[in-house]
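Just below is one structure, and these are the notes that go with it.
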Amino acid sequence: MAEEIPKKGIAGVVVNEGSDFRVEVQELDVPVPRDDELLIRLNCTGLCMSDVHYMLNDWGIPKMSEFGTRCAGHEGAGVVVQVGKHVRGWKVGDRAGVKPLHDVCHNCEDCWNGRENYCDGALQTGLHTPGTYQQYLTKPAIYTSRIPDGVSDEMAGPIMCSASTMHRALVESQLKPSNWVVFPGGGGGVGIQGVQLAK
Ligand SMILES: [Zn+2]
Ligand SMILES: [Zn+2]
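In this text, residue positions in the sequence shown follow UniProt numbering: the first is 1, and each later residue adds one.
Dropping the structure here:
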């Protein structure tokens, strides 16, 4: 049965974006999904250093607020609570993951070849579009990740960014069983995923 969707949700909003930023707990309006979107109620979010850079605005890129984005975060795990009327293949109650890319153009050489992270039309979650430091988010159904049974939300969140970054690095390196692999940042969020994945 569909759960009741409140008008407001709790969010960690960036205040005073820049070198003195802080994250303040506020209530934000729950967004309404467009026809091709899902409304997701998040249970978990990872914390990524890129979030801190977005909020510090120290990367020489436009500010979050220039896109109307109030919450950082791009490693989310939750459940679908509403489905846009043109969405196929998703239903209320499905588990859903939110990743660093909000959406891509789906129609360029990079998108066609599994290199969407280089797509010129890519939109970043938590920069161009609202991030996962909040309870309710809308996402394009076509670009939302599924979370299989047996993977908890706590595990699935960081898989969206740090573990998938590492997974791709390991695949590209063409390592084979019995090879050695060294992670100079093995104690950090990405490196620790590498140690586990490589093992
Ligand atoms: Zn990240
Ligand atoms: Zn593209």
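Note that the Cβ used here is the ideal one computed from N, Cα and C, for glycine as well.
Around the C-beta of residue i, are 16 or more other C-beta atoms found within 10 angstroms, so that it is buried, or is it exposed?
| i | result |
| --- | --- |
| I61 | exposed |
| H86 | exposed |
| Y118 | exposed |
| M166 | buried |
| G131 | buried |
| G4 | Looking at the sequence itself, residue 4 is Glu, so the reference to Gly does not match. Under this definition E4 is an exposed residue. |
| G46 | buried |
| E109 | exposed |
| V83 | buried |
| K139 | buried |
| P6 | exposed |
| P33 | buried |
| S164 | buried |
| G187 | exposed |
| G73 | buried |
Which residue marks the beginning of the alpha helix (DSSP H) containing residue i, and which one marks its end?
| i | result |
| --- | --- |
| E4 | Where E4 is concerned, there is no enclosing alpha helix (DSSP H), given that its DSSP letter is neither H nor E. |
| L101 | Premise fails: L101 lies in the beta strand (DSSP E), L101 to D103, not in any alpha helix (DSSP H). |
| R95 | R95 -> not in any alpha helix (DSSP H); beta strand (DSSP E) instead, spanning R95 to V98. |
| Y118 | Where Y118 is concerned, there is no enclosing alpha helix (DSSP H), given that its DSSP letter is neither H nor E. |
| A169 | S164 to S173 |
| H128 | Run containing H128: none; DSSP gives neither H nor E here. |
| A156 | D153 to P158 |
| A198 | G189 to A198 |
Find the nearest neighbour of residue i within the set the options, judged by alpha-carbon distance.
| i | options | result |
| --- | --- | --- |
| S173 | M160, A198 and V104 | A198 |
| G126 | S19, K63, E4 and G18 | K63 |
| S162 | G194, E37, V13 and V80 | G194 |
| D51 | D29, A169, V23 and L170 | V23 |
| E154 | L42, E17 and F21 | L42 |
| R88 | R115, E116 and D35 | D35 |
| F183 | P177, K176 and G191 | G191 |
| E17 | P6, G68, D149 and K7 | G68 |
| V92 | G150, A156, A141 and S164 | A141 |
| S65 | P148, T129 and S19 | T129 |
Is the beta carbon of residue j closer than 9 Å to that of residue i?
| i | j | result |
| --- | --- | --- |
| V104 | L123 | yes |
| E75 | P158 | yes |
| L101 | P31 | no |
| R146 | R95 | yes |
| A77 | C44 | yes |
| V15 | I40 | no |
| V25 | G12 | yes |
| C48 | G189 | yes |
| Q134 | L56 | no |
| W90 | T144 | yes |
What residue range is occupied by the uninterrupted beta strand (DSSP E) comprising residue i?
| i | result |
| --- | --- |
| R22 | R22 to D29 |
| C44 | E37 to T45 |
| G78 | G76 to V83 |
| Y136 | Y136 to P140 |
Name all residues in chain order for which at least one heavy atom of ligand 1 lies closer than 5 Å to the residue's CB.
Every residue passing the under-5 Å Cβ criterion appears here: C48, S50 and C161.
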